[in-house]
Structures are given as C-alpha cells and as structure tokens.
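Chains as they are written, first to last, in my numbering: chain A, 6 to 334; chain B, 6 to 334.
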C-alpha cells in the first residue's frame, strides 16, 4: 500500500528524461517510469518543457493529480550549481547553458522543488530505498561510460562547496598514469570505466602475440564501450588475457573503494551501472582487492555490494531529495 | 574579553598531554597550555590520571573552578572507537588497550565529555576558531611523521562509520608505489610525510653522481625525519637535487589536495604541521600543482592555505567538540 505524502522524481539524461511518483518510503507507484526523449538539440526551452511533460505524465500514470504531490525533485547531469538549481554547461547537451531547472519546475507546478546532481541522486536513492536503506552512510560508484559517484553520510548528500562533491571517478590512483576523458591523468575512470576497459583491451591485444578468443573480433574492429560484456564473457570462459584485464579492473575498483574507505569510511560501498550485470563473481573480486588493500577495521566491517534500484535509482533519489526539502520546511 | 560558557580541551600525544580552557568562540583563556608528560610506559591508569591532572591544571591556570566549565573534550591518537569513547590500540602507547577515556573523564569531573580523534580535532579547531572560521567546510592535512587528516562539512566531523574517517594520508595515489609505514603501497603518506621526504632524499643521493650540498651530510649519516628542514633550506639555496625533491613533494601534496577536491570539494584545503615553517613559497608550489590537476571550478574556487592554530589546534578542536555536545543537549 502506498500512502501519502507522494513525491515526483525526475532523472534527466542526454537521451531521455525519466520520471516517477514515489511514496514516503521510496516505493514507486508505477512499475515503469514515464519517459520522454530529451531532444537536447531542440534547445533548453524544449528540454525544460519535456521535463514538465514527464512530471505530468508520471503523476497521471500513478493515478494522481498535482494536488496529491508534496514536492518534486529533478536530477541532472554535467556541471551545475546545485544550491542555485541551475545546470551550467552539460556536456551531453551542448547548446544548453545556465538552465534554471529548479525555478522553472517550481514555477510550473507551484511545488517545493529539489535539484540534485544525477550521480548524487542515484546514491541517495540507494541510501533511502535501495541497498542502503538500513545504513547510516553509503558511497555509490556507478560504472558506465564514465564512473559516477555519490556520497551520503547520515542522510546528508556531500554536494561539495562548488557542486563538485563525489567526483570520485576523478580521484588520482596513479600519478602520471592513463589519460582520462577529462584531460587529466591517472584517474580511476581512466582505468575502470567501460570505455577504459575497451581501450585497455585493445592495447593488450596490440601488445600480445599469444592466443586470445578476443583477437578475431579485434582484427575486424577495435573494442568499444558497448563490447565490454564480451570481454567479461571471455574472462568467464577462461580466456587468460580477458581474465587478466577483468582482474585488473576489479583491482582498480578495489583501490577506488579503499580510497573512499580511508576518506569517508562509509558503512557501505555500492557498485551500480551496466557492469554489475556481470554477476556476483566480479563483485567478489572487487571485495577481495578492497579488503586486501584497506586498513583491517574498515576491511572487515565495510559492506561492499551491488546496487538494487537499477536505472530507477536517480529518479527515486531525486524524489527522496524532494522529500528531504519538504520535511525540512 | 572571554565570557562563558567555557570548555576544556585536552590533546593526548605519545609524549605529552596538553590542555586548555577556551571560550564560546574558541579563544584560549591562557597563552600557554597546561602540559604533563604522558609517561605511557607507566600504564593506561596512569595515563588517564595524567589526563585528569591536565584538566585540573588547565582550569586552575585559567583562574576558574570546575563549576565554570560547561563540558570537556579529549582528543587522542591511534585506533579508536569514537562513538564508544575508547582508545583501542594506540601505536604510540604499546601497553594501552581499550582505554575508556570518555567514561573516565566524565566520571571524574561529572561533566559532559566529548571524545575525538586528534587529527579530526585539529581540523575542527581550525574550522571553528582558526583559518576556517568563516568557511562552511574544510579539509586539514597535518604534515609530520605521518600525514594526519580531518574533514569538516557544515560543522560535522566526518568520523567515519568505523572511526576511520579522514585517514587521507592512506589514500592510494600510485598503485603498487612506495611502501607506506602502514604496510600498504602507494599512499600519499609514503610520498609526502617528513619521513618519506628523508627516505626519498637518501634514495636520490644514492642514485645520483652529480654535486649536491646535501651529499656531505648524507655521507656521514642518512637523512632522518628531523633533517627535513635542511632539505628545504638546500632547495631554497638553489641545490637542484633538493629543489626537485621538494617540488615533487609539493606535487604529491597537490595530488592529495585534488583527490579531496574531487571527493569532498571543501571550501578550504589547509596544510598544517612542522612543514609549514618552510614558508609561503612551498604553499604556492602546492597550490600550483593542485590547481593544475583539479577541475576548473574547484581549482579556481578552493582556498588552499596554511593552518593558523599551530600545536594548539587539537586542544581547541577538542574543546569545540565539547561545545558541540553541550549545545546539542
């Protein structure tokens, strides 16, 4: 049973905008989110209108009206001014600049409106209603094209003083190391994101003469981000080169986990995103390295697990931020 | 003018225990702290009695009586259970085990008693009454034998779920890199602590045939932690080898700063401890590397500065934690 208050959460991505209504415990009222294409090339006014359309559709699909909604939360990607409620220069929406998301939604619906970074929102979603619902603190790494991160301590989102909190994919783990997509070197993301796994695979095959089940595909075309699952599958099937690449990836993610265990020391470190489809054995390898490399107490006591909310973490977390705002009023 | 409420802060070290009384704005009532030797070899009961002696002396030297004191705070080193108020296995007090510091002081003085890690307390001292008194968030690196760290966000000390928050000296900045005193590899502390600077200097001299003003001393005896100031002096005097060693140190500290700028994204990153006697030029080199390696927004907006409270940061911060406790009651 879902009982009021209800909150709308919206998760804005480069391709699509997803929204849903959740109740006071973070449970969604509909199985499927309301979705619209972002169509960012049509400009930011259109993008804002699409966000509003998603809010209306989410409310209607939940069988509710606007009067039933206590507050709205919107999560967006890219550089932003979180306290100001503004998207600055989102890299996936190249024509958008200084988009006043929070003000627009608040004016459109006359509701208290929360604004949050999408990776922070996903972490808050897992903290509130996912794998961390019984935890006091949590760090979420979302493994995808890049590595997103969110940090929640005692129901507080570490947004950072300049809205750059929890950019932990851009921690240096190897000085002067691999080039990251951001232009700097040695970041976790340059080792363990999906793109980085594909790149490391191409480099390994180019520098290795031995047999590998990955070679025939590589000869046709270098591995790309979307081929990552094949590299994991080859590792499972016993291909030694793929096995080493995936084991190295687990180690890099273990190092990333340790750096957060020695900084935030959260109750849980959570991994989410496409890579977790790989299954429990990959998580076990991450755990192995994190526990080997951490201080004994956090090594023994930190829960390291997979995320539970999948692609809905962001919208549930955005709704959770709306709930935080509403409760504080 | 110092007006009530007054708080006692105590900073317990391996060699000595320092205490002082501060007012509601973190101003000390006496210029010099009350000090007793820890004499840890005499056992933990003696150590607890010494802490109590320091509390009494600090109150007396401030011209007050126990009735004037609102609360007491004690900061200690080593592994601990912060919520439990217990020192576990402090490395510098080898015979001490599970020392119930908070309970002992609370029973002895019948006052609300706060307990905190010494590096966290120093960070809180700088946040409350030092260089960060106008800031909303701050990370303090204390450069000494090791690298201590404390993180304060919105008046909240990041203690960590298992009392291991802000062990940022033990962030990995170089996988499989230099051996750290803790037994793991590649930690910031293994590159930029005073001991590490001495070790890197010895290694550089052993692997370098050219002239260096450091060589004559090295030929007599390898550099030790206490010789660090000479390496800085040689760098200032133009010795190229020393210059490179110190420039590398600034870069390592810059990387450490960046990893916190991309995790906590605090308003200020503060460096304290013996190394800051070196002067503003060394800080400027740390700033240079941090700004070069960070994202543009935190690079432009994060204040990077030296600490202001010197060796009193810990006791002032311990008193500040006592004030937090007292205000919440």
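For each residue, glycine too, the CB sits at the ideal point set by N, CA and C.
Thinking C-alpha only, which one of A:22, A:136, A:84 and A:187 is nearest residue 55 of chain A?
A:22
For a cutoff of 8 Å on Cβ pairs, would you count residue 241 of chain A as touching chain B?
no
Counting only the same chain and skipping the five closest in sequence on each side, list residues whose C-beta sits under 6 Å from that of residue 53 of chain A.
109
Taking buried to mean at least 16 other C-beta atoms within 10 Å of its own C-beta, is residue 234 of chain A buried or exposed?
exposed
Residues from the region 134-154 of chain A in contact with chain B, defined by Cβ distance under 7 Å
141 and 142
How is the alpha helix (DSSP H) around residue 37 of chain B delimited, first residue to last?
Residue 37 of chain B -> no alpha helix (DSSP H), and no H or E assigned at all.
Flag residue 37 of chain B as yes if its beta-carbon sits less than 8 Å from any beta-carbon of chain A, otherwise no.
no
Cβ neighbours of residue 105 of chain A in the same chain (closer than 6 Å, five flanking residues each side left out):
91
For residue 226 of chain B, count neighbouring C-beta atoms within 10 Å of its own C-beta (all shown protein chains included) and say buried if the count is 16 or more, exposed if not.
exposed
Just the C-alpha distance for residue 20 of chain A and residue 289 of chain B, rounded to the nearest angstrom, thanks.
43 Å
If contact means a Cβ-Cβ distance below 7 Å, which residues of the region 157-178 of chain B contact chain A?
158, 163, 165, 166, 167, 169, 170, 171, 172, 173, 175, 176, 177 and 178
Pull up the CB-CB distance for residue 25 of chain A and residue 320 of chain A, whole angstroms please, since I reckon it's below 8 Å.
5 Å
By the 9 Å beta-carbon criterion, what residues does the region 262-296 of chain B contribute toward chain A?
263, 264, 265, 266, 267, 268, 269, 270, 271, 272 and 273
6 Å Cβ shell around residue 262 of chain A - same chain, five flanking residues per side excluded
274 and 295
Does the distance from the CB of residue 271 of chain B to the CB of residue 172 of chain A come in under 8 Å?
no
Residue 185 of chain A versus residue 192 of chain A - alpha carbon distance
6 Å
Considering only their Cβ atoms, is the gap separating residue 59 of chain A from residue 27 of chain A smaller than 8 Å?
no
Residue closest to residue 182 of chain A, alpha-carbon to alpha-carbon, out of A:196, A:326 and A:77
A:196
Pick helix, strand or coil for residue 224 of chain B, following the three-state DSSP scheme.
helix
Residue range of the alpha helix (DSSP H) that includes residue 2 of chain A
The structure shown has nothing for residue 2 of chain A, since chain A only spans 6 to 334.
I'd like to confirm the pairing. Which residues does DSSP put opposite residue 160 of chain A in its beta bridges?
Residue 160 of chain A is not bridged to any residue.
Does the structure place the region 308-328 of chain B close enough to the region 128-142 of chain B that three or more beta carbon pairs sit under 8 Å?
yes
Closer than 8 Å at the beta carbon, the chain B residues around residue 302 of chain A
84, 167, 168 and 169
Can you tell which of A:142, A:163 and A:111 has its C-alpha closest to the C-alpha of residue 124 of chain A?
A:163
Between residue 189 of chain A and chain B, is any beta-carbon pair separated by less than 8 Å?
yes
Whole angstroms are fine: how far does the CA of residue 318 of chain A sit from the CA of residue 131 of chain A?
6 Å
Could you give the uninterrupted runs of the beta strand (DSSP E) lying entirely in the region 55-128 of chain A, keeping only those of 3 residues or more?
74-81 and 117-122
Sorry if obvious, but does the Cβ on residue 48 of chain A come closer than 7 Å to a heavy atom of the ligand MG?
In terms of ligand content, the structure shown is empty, and the ligand MG therefore cannot be addressed.
Would residue 335 of chain A pass as an interface residue toward chain B - the criterion being a Cβ-Cβ separation below 8 Å?
A query on residue 335 of chain A cannot be resolved here, the shown segment of chain A reaching from 6 to 334 and no further.
For residue 311 of chain B, which beta-bridge partners are listed by DSSP?
B:276
List the residues of chain A that residue 180 of chain B touches, going by C-beta distances under 7 Å, in chain order.
178, 179 and 260
Partner residues on chain B for residue 306 of chain A, Cβ-Cβ distance less than 7 Å
167
Considering only residues of the same chain and omitting the five flanking positions on each side of residue 98 of chain B, which have a CB-CB separation below 6 Å?
45
Given that residue 298 of chain B touches chain A, what residues does it touch there, using C-beta distances under 8 Å?
177 and 189
Could you tell me the alpha carbon to alpha carbon distance between residue 159 of chain A and residue 245 of chain B, rounded to whole angstroms?
49 Å
Residue 101 of chain A, buried or exposed, once every other Cβ within 10 Å from all chains shown has been counted against 16:
buried
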